[in-house]
Amino acid sequence: MYTIRDIFKGAPKLVKSVLNRKREYRIQFNKVKDGCWYVDFPHWPFSHDNLAMVSGADKMLELLSDGDLYVKVSVIPAKKKGQHEGYIELEQTEHSLFGGSTYQVKYEPFIQRFKRDTLWICPVTLFVLGHYPKFIYIKRL
7 MYTIRDIFKG APKLVKSVLN RKREYRIQFN KVKDGCWYVD FPHWPFSHDN LAMVSGADKM
67 LELLSDGDLY VKVSVIPAKK KGQHEGYIEL EQTEHSLFGG STYQVKYEPF IQRFKRDTLW
127 ICPVTLFVLG HYPKFIYIKR L
């Protein structure tokens, strides 16, 4: 959880991400020796631990990486359901400003391999995408 002090510290980056929203983002994730996945976010103003992928997001990266120690992905945030050839669809089921967002994964290989159909993304998403989109489309580059 972030404190008010943390919010003020990160406010400039948060405002920039909200004002500079894009149609598509290219994001890299790295897997470290202990097996944890982290988003590659240069100049992150808080603890590196905040960048860890957990609660299903790590499993998605494991699947997309195909055993590699890093994976670059294309991410398309959307307000409405769309057709994006070759992309995995994530549909938001719940969210809270500082509590992250839960998404239903619409990708059978993920569901079969990990015996789950949801993943959670943390509030770092606000600094990257500027919001918690209703739909997220993701594919490996």
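In this note's numbering, the protein residues as written are 7 to 147.
Ideal placement from N, C-alpha and C gives every residue a C-beta, glycine not left out.
Name the DSSP bridge partner or partners of residue i?
i	result
valine 81	Tyr31 and Ile144
glycine 106	Ser102
tyrosine 76	Asn36
tryptophan 43	Lys37 and Met59
isoleucine 127	Ser107
Hey, how far is the Cα of residue i from the Cα of residue j?
i	j	result
tyrosine 143	arginine 11	33 angstroms
serine 77	glycine 136	The sequence shown places valine at residue 77, rather than the serine named in the question. Each residue's Cα considered, the two are about 22 angstroms apart.
arginine 29	lysine 121	31 angstroms
arginine 119	tyrosine 113	10 angstroms
proline 139	aspartate 40	30 angstroms
histidine 54	proline 48	10 angstroms
alanine 58	serine 71	16 angstroms
valine 79	phenylalanine 52	23 angstroms
leucine 75	leucine 69	12 angstroms
histidine 90	asparagine 56	30 angstroms
Could you give the first and the last residue of the continuous beta strand (DSSP E) run that contains residue i?
i	result
serine 102	94-102
Since residue i and residue j are thought to touch, with beta carbons under 8 angstroms apart, how far apart are those beta carbons, to the nearest angstrom?
i	j	result
leucine 125	arginine 32	Contact doesn't hold; Cβ gap of about 20 angstroms is too wide.
phenylalanine 133	glycine 88	24 angstroms between Cβ atoms; not a contact.
phenylalanine 116	leucine 67	Not quite, the Cβ-Cβ distance comes to about 11 angstroms (not below 8 angstroms), so this is no contact.
Tell me which residue opens and which closes the alpha helix (DSSP H) that residue i is part of.
i	result
leucine 67	63-71
glutamine 118	114-120
field: Validate contact between the region 41-52 and the region 90-98 using beta carbons, cut 8 angstroms, 3 pairs
entry: no
message: Three or more C-beta pairs under 8 angstroms: does that hold for the region 103-120 against the region 71-83?
response: no
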